[in-house]
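In what follows, a structure is listed as structure tokens, so that the remarks can point back to it.
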Amino acid sequence: MSATYEIKPVTDNRISLAPESEVAEILQNVQTIISTVRGSVPLDREFGIDGRIIDMPIHQAQAHLSNDIFQQIKRYEPRAKISDISFTATQNGALIPKVMVTV
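Following my numbering, the residues of the sequence shown are numbered contiguously, the last one being 300.
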């Protein structure tokens, strides 16, 4: 039986090396993917989200980020199926993704 979960970027850098279940592992992996800037992982420079979106206009950044999130999750965590990607913008212009995945 599958269920849908809401995932946002990590804010506290807590990672479980022994997740409680396979679902918890998948959700943690997706959260790690959307929280990592591409180029920052030494042994896999392609892992994570493209940091060049920082200088893009908001609508262009949303489109680019949506595509990037979809491609990265498809590549690094194929057990998660994306059902929706939405964004909230902070007052200082930060774009926070919210990814709905079915596991």
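Even for Gly, the Cβ is constructed at its ideal location relative to N, Cα and C. Bear in mind that the values here come from a model prediction, so they are computed numbers and not experimental data.
Exposed or buried, residue i, counting other C-beta atoms within 10 Å across all chains shown (16 or more means buried)?
i, result
"P254", "exposed"
Opposite residue i in the DSSP bridges: which residues?
i, result
"S283", "K295"
"E203", "M297"
Rounded C-beta distance between residue i and residue j? I'm assuming under 8 Å.
i, j, result
"A277", "V234", "That pair is no contact at about 20 Å."
"E274", "I230", "6 Å"
"L292", "Q257", "No, L292 and Q257 are not in contact; Cβ-Cβ is about 11 Å, not under 8 Å."
"H261", "D252", "Not really, about 11 Å apart at Cβ, beyond 8 Å."
"S232", "P206", "4 Å"
One question on the structure: do residue i and residue j come within less than 8 Å of each other, judged by their Cβ atoms?
i, j, result
"V220", "V300", "yes"
"Q225", "P216", "yes"
Would you say the stretch 282-299 touches the stretch 265-274, given that touching needs at least three Cβ pairs under 8 Å?
yes
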